[in-house]
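Per my numbering, the sequence shown starts with residue 54, numbered consecutively.
For glycine and all other residues, C-beta sits at the position ideal for the given N, C-alpha and C.
Below is one structure, written out as structure tokens; the observations come after it.
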Amino acid sequence: MSNTSFKIVTIAGATGLLGFNVANAFLSDGSYKIKILRKKPESENKNANLLASKGAEVIYVDYNDTNDLVKALKGTDVIVSAISGTELVTSQLALLNAAKLVGVKRFIPSEFGSDIKEITGEIHPFLKPKMEFFQELEKSGIEYTIIVNGLFYDYLSILGFDHKNKKATFYADGNTKIVATSLTDIGKYTVESLKLPDACNGTIRVAGSILTLNELLKKYEEITGTKWEVSNDFTVRQRYKNNTAPVPTLLEDFGAFITVNLDIKNLHSDKLSITPQPITEGISILVKN
């Protein structure tokens with residue numbers, strides 16, 4: 054499907070951390086009419102007001118009411134979902150079912166992370182809902198695009214970087230490669246994906262930064278002006294699985310899992326016109342805040 058046939062883009066989850074950046078990117082591009090979906094009942098929201106001031110149409114919907122969703126999605130060519138949390142599967146499935154009824158041409162699901170189709174071994178519980186929904190999306194017959202961007206700059210701490218205490222805990226060898234991207238750039242890449250032939254029923258892989266854990270540590274040390282304390286903890290996943298002391302949290306287990314699943318191959322970044330935000334800027338913002 055050529056992007057010239059796309060006129061109306063509807064974004065779900067547009068007031069959240071990622072969705073707001075995606076919606077902003079589409080509005081800045083100016084090539085599409087933008088609708089954003091918000092859950093009923095109506096409520097005041099700073100991000101929704103800002104997006105509306107830039108031209109987005111804000112529509113309140115009940116995700117449990119198919120007719121309500123069908124009405125809201127009428128005329129939509131592309132759905133971009135930035136839904137997260139416990140509603141990732143249920144609300145996206147409701148969107149998908151309504152999308153089929155109104156003839157939506159393409160669905161960009163709430164993936165935006167590691168390449169789950171390339172992960173070997175057991176899928177982490179945090180990623181199982183994404184895999185579950187993708188399987189339904191494949192069966193739906195609607196065109197789709199998966200955006201793979203590695204880790205958000207905002208979430209670098211999950212890899213064991215504690216900038217408050219100037220400590221780093223490596224969950225894997227220091228030469229492990231990490232792909233990460235800023236939220237602003239993820240929004241821009243999502244807009245540009247509509248122009249790529251590879252995006253039709255495909256995966257678009259992008260990267261704002263590709264650095265090893267050791268290289269990331271050096272960036273942190275340069276920005277904070279301090280030599281960090283570094284330790285290795287390569288048994289996090291085993292201890293979590295076996296409930297062995299000290300028992301890691303589920304988030305620490307995910308950090309160890311994702312650390313070794315962020316070396317994304319076959320990138321499309323060189324096919325896009327975006328100059329990504331340097332990761333030093335992302336780290337500086339984290340340290341400052």
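How far does the beta strand (DSSP E) with residue i in it reach, from first residue to last?
{"i": "LYS92", "result": "86-92"}
{"i": "ALA65", "result": "61-65"}
Any idea what DSSP makes of residue i, helix, strand or coil?
{"i": "SER134", "result": "strand"}
{"i": "ILE231", "result": "strand"}
{"i": "GLY335", "result": "helix"}
{"i": "VAL114", "result": "strand"}
{"i": "PRO162", "result": "coil"}
{"i": "THR394", "result": "In the structure as shown, the chain starts at 54 and stops at 342, and residue 394 therefore has no counterpart that could be examined."}
{"i": "LEU204", "result": "strand"}
{"i": "LEU180", "result": "coil"}
{"i": "VAL340", "result": "helix"}
{"i": "GLY308", "result": "helix"}
{"i": "ASP323", "result": "helix"}
{"i": "LEU154", "result": "helix"}
{"i": "VAL289", "result": "helix"}
{"i": "GLN330", "result": "coil"}
{"i": "ALA125", "result": "helix"}
{"i": "ALA147", "result": "helix"}
{"i": "SER167", "result": "coil"}
{"i": "SER96", "result": "coil"}
{"i": "ASN120", "result": "helix"}
{"i": "THR428", "result": "Beyond the ends of the chain as shown, which are 54 and 342, falls residue 428; an answer cannot be given."}
{"i": "SER55", "result": "Unreliable placement is indicated for SER55, whose pLDDT of 43 sits below 50; no coordinate value is reported for it."}
{"i": "ILE276", "result": "helix"}
{"i": "LYS294", "result": "helix"}
{"i": "LEU315", "result": "coil"}
For residue i and residue j, which I take to be in contact (beta-carbon distance under 8 Å), what is that distance rounded to the nearest angstrom?
{"i": "ILE332", "j": "ALA233", "result": "6 Å"}
{"i": "ILE51", "j": "THR198", "result": "Residue numbering for the chain in the displayed model covers 54 to 342; residue 51 lies beyond these limits and cannot be assessed."}
{"i": "LEU270", "j": "VAL283", "result": "7 Å"}
{"i": "LYS158", "j": "SER58", "result": "7 Å"}
{"i": "VAL133", "j": "VAL201", "result": "Not really, about 15 Å apart at Cβ, beyond 8 Å."}
{"i": "VAL114", "j": "LEU122", "result": "6 Å"}
{"i": "GLY203", "j": "ALA135", "result": "Contact flag wrong, Cβ pair sits at about 16 Å."}
{"i": "ILE336", "j": "LYS272", "result": "6 Å"}
{"i": "ALA225", "j": "PHE310", "result": "About 10 Å; that fails the 8 Å criterion."}
{"i": "LEU90", "j": "ALA65", "result": "5 Å"}
{"i": "THR229", "j": "THR173", "result": "Contact flag wrong, Cβ pair sits at about 15 Å."}
{"i": "LEU70", "j": "SER167", "result": "LEU70 to SER167, Cβ: 17 Å. No contact."}
{"i": "SER210", "j": "GLN330", "result": "18 Å between Cβ atoms; not a contact."}
{"i": "ILE195", "j": "LYS153", "result": "6 Å"}
{"i": "LYS86", "j": "LYS60", "result": "6 Å"}
{"i": "ILE112", "j": "LYS88", "result": "6 Å"}
Which partner residues does residue i have in the DSSP bridge list?
{"i": "THR256", "result": "ILE199"}
{"i": "ALA221", "result": "PHE214 and VAL283"}
Just reading off the alpha helix (DSSP H) that residue i is part of, what are its end residues?
{"i": "LEU236", "result": "236-246"}
{"i": "ALA78", "result": "70-82"}
{"i": "ASP251", "result": "Where ASP251 is concerned, there is no enclosing alpha helix (DSSP H), given that its DSSP letter is neither H nor E."}
{"i": "ALA105", "result": "99-106"}
{"i": "THR139", "result": "That residue, THR139, is in no alpha helix (DSSP H); it is neither H nor E in DSSP."}
Check the Cβ-Cβ distances between residue i and every residue of chain C, and say whether any is below 8 Å.
{"i": "ASP115", "result": "Here there is only one protein chain, and chain C is not present."}
message: Check whether the segment 94-110 and the segment 256-274 touch, using three or more Cβ-Cβ pairs below 8 Å as the test.
response: no
- request: Report yes or no: do the segment 72-85 and the segment 233-243 share at least 3 C-beta pairs separated by less than 8 Å?
  value: yes
- request: Check whether the segment 277-296 touches the segment 246-253, counting contact only when three or more Cβ pairs, one atom from each stretch, lie closer than 8 Å.
  value: Under the 8 Å Cβ criterion, the segment 277-296 does not count as touching the segment 246-253, having fewer than three qualifying pairs.
- prompt: Are the segment 183-199 and the segment 271-282 touching by the rule of at least three beta carbon pairs closer than 8 Å?
  reply: no
field: Cβ pair count under 8 Å reaching 3, the segment 203-219 against the segment 174-185
entry: The segment 203-219 and the segment 174-185 do not touch, with fewer than 3 CB-CB distances between them shorter than 8 Å.
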